[in-house]
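Working notes, beginning with the structure itself.
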Amino acid sequence: MLLLATPPLDDPNFDRSVIYVMEHNADGAVGLVLNRPTAEGSVDGLDLWMDLTVPPTVVFNGGPVQFDALIALAELRGPREGAWSPILPDLGSVDLALDPTDVADAVGRVRVFRGYAGWSSGQLDGELSAGAWMVFAAQRDDVFSESPDELWRDVLRRQPGRVAWLANAPDDLSMN
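Under the working numbering, the residues of the sequence shown are numbered -3 to 172, in order.
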């Protein structure tokens, strides 16, 4: 699932953000911000992984939690047990300490994130009840969007009915 911040969410970490929810259970939730590319084009020791990243070929700001942590999502064919954590049958987070050829028979698209978004038990549910987030089904290409700056609007535009109108909401709602 995707979480889209409602305009305007007061927290600058999440204003107009698109978050791919990787896990949501009674203990809390974890996700990655998909639309915050950084200027960081390389990471020491991760050259082989960075060579597999899809445009824009930079590290993304995955969220404000543990900004020193690196997480990579990848499409894998023939993944090796213990080398990754599956989210879908062929999509998951990979162990960046390994060589890509040790992770799977074939590694497809890759995106690397620094940090993640996290919520404690019940916190995300409370934010959803307060209307801070809109929830939509994710499409595989959302994770690897080559136009992350437009992803928030793109996800809204593909929604049925009046929800799609939100894609045109100005950054400053008083200007509407």
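Heads up, the beta-carbon is just placed ideally off N, CA and C, and yes, glycines get one too. Values in this document were obtained by computation on a predicted structure and should not be read as measured data.
Report buried or exposed for alanine 133, applying the criterion of at least 16 other Cβ atoms within 10 angstroms of its Cβ. Counting from one through the sequence shown, the residue named residue 133 turns up at place 137. That one is exposed.
Backbone CA spacing between alanine 113 and valine 139 [nearest angstrom]: On the sequence shown, position 117 is the one that residue 113 refers to. On the sequence shown, position 143 is the one that residue 139 refers to. Each residue's Cα considered, the two are about 15 Å apart.
Quick one: grab the DSSP three-state call for glutamate 9. In the sequence shown, residue 9 corresponds to position 13, counting from 1. Position check: residue 9 holds asparagine in this sequence, whereas glutamate was assumed. Asparagine 9 falls in the coil class under three-state DSSP.
Distance between beta carbons of leucine 72 and aspartate 136, contact taken as under 8 Å: Taking the first residue of the sequence shown as 1, we reach residue 136 at position 140. Taking the first residue of the sequence shown as 1, we reach residue 72 at position 76. Note that residue 136 is arginine in the sequence shown, not aspartate. That belief does not hold up - the Cβ atoms of arginine 136 and leucine 72 are roughly 13 Å apart, past 8 Å.
Uninterrupted beta strand (DSSP E) stretches inside the region 52 to 82 (no shorter than 3 residues): 61 to 75
Under the DSSP definition of a beta bridge, which residues are partnered with leucine 162? Stepping through the sequence shown from its first residue, residue 162 is reached at position 166. Under DSSP, leucine 162 forms no beta bridge with any residue.
Tell whether a beta-carbon distance below 7 Å holds between glycine 59 and valine 29. The count along the sequence shown starts at 1 and reaches residue 59 at position 63. The count along the sequence shown starts at 1 and reaches residue 29 at position 33. Valine 29 is positioned such that its CB atom lies closer than 7 Å to that of glycine 59.
Under DSSP, the alpha helix (DSSP H) around aspartate 98 begins and ends at which residues? Along the sequence shown, read from residue 1 onward, the residue named residue 98 stands at position 102. 96 to 99 is the span of the alpha helix (DSSP H), which, as asked, contains aspartate 98.
Please list, in chain order, all residues of the same chain as methionine 130 whose beta carbon is under 7 Å from its beta carbon, the five residues on each side excluded. On the sequence shown, residue 130 is found 134 positions in, with the first residue counted as 1. Excluding residues within five positions, the ones whose Cβ falls inside 7 Å are Leu0 and Thr2.
Between which two residues does the alpha helix (DSSP H) holding leucine 0 run? One-based indexing of the sequence shown puts residue 0 at position 4. That residue, leucine 0, is in no alpha helix (DSSP H); its beta strand (DSSP E) goes -2 to 1.
Presumed contact (8 Å Cβ cut-off) between glycine 27 and valine 54, rounded CB distance: As a working mapping, residue 27 is identified with position 31 in the sequence shown. As a working mapping, residue 54 is identified with position 58 in the sequence shown. That pair is no contact at about 19 Å.
Rounded to the nearest angstrom, what separates leucine 48 and phenylalanine 10 at their Cα positions? Reading the sequence shown from its first residue, position 52 is the one you call residue 48. Reading the sequence shown from its first residue, position 14 is the one you call residue 10. Distance between the alpha carbons of leucine 48 and phenylalanine 10: 27 Å.
Alpha carbon of tryptophan 80 to alpha carbon of threonine 34, nearest angstrom: Taking the first residue of the sequence shown as 1, we reach residue 80 at position 84. Taking the first residue of the sequence shown as 1, we reach residue 34 at position 38. Taking the straight line from one Cα to the other gives about 24 Å.
Report yes if the C-beta distance between valine 14 and tryptophan 148 is below 7 Å; otherwise report no. Here residue 14 refers to the residue found at position 18 of the sequence shown. Here residue 148 refers to the residue found at position 152 of the sequence shown. Taking 7 Å as the Cβ cut-off, valine 14 and tryptophan 148 qualify as a contacting pair.
Kindly indicate the opening and closing residues of the alpha helix (DSSP H) around glutamate 190. What the structure shows of the chain is the stretch from -3 to 172, and residue 190 is not part of that stretch, so it cannot be assessed.
In angstroms, rounded to a whole number, what distance separates the CA positions of tyrosine 16 and valine 151? Position 20 of the sequence shown, counting from 1, holds the residue named residue 16. Position 155 of the sequence shown, counting from 1, holds the residue named residue 151. Tyrosine 16 and valine 151: Cα-Cα distance of roughly 12 Å.
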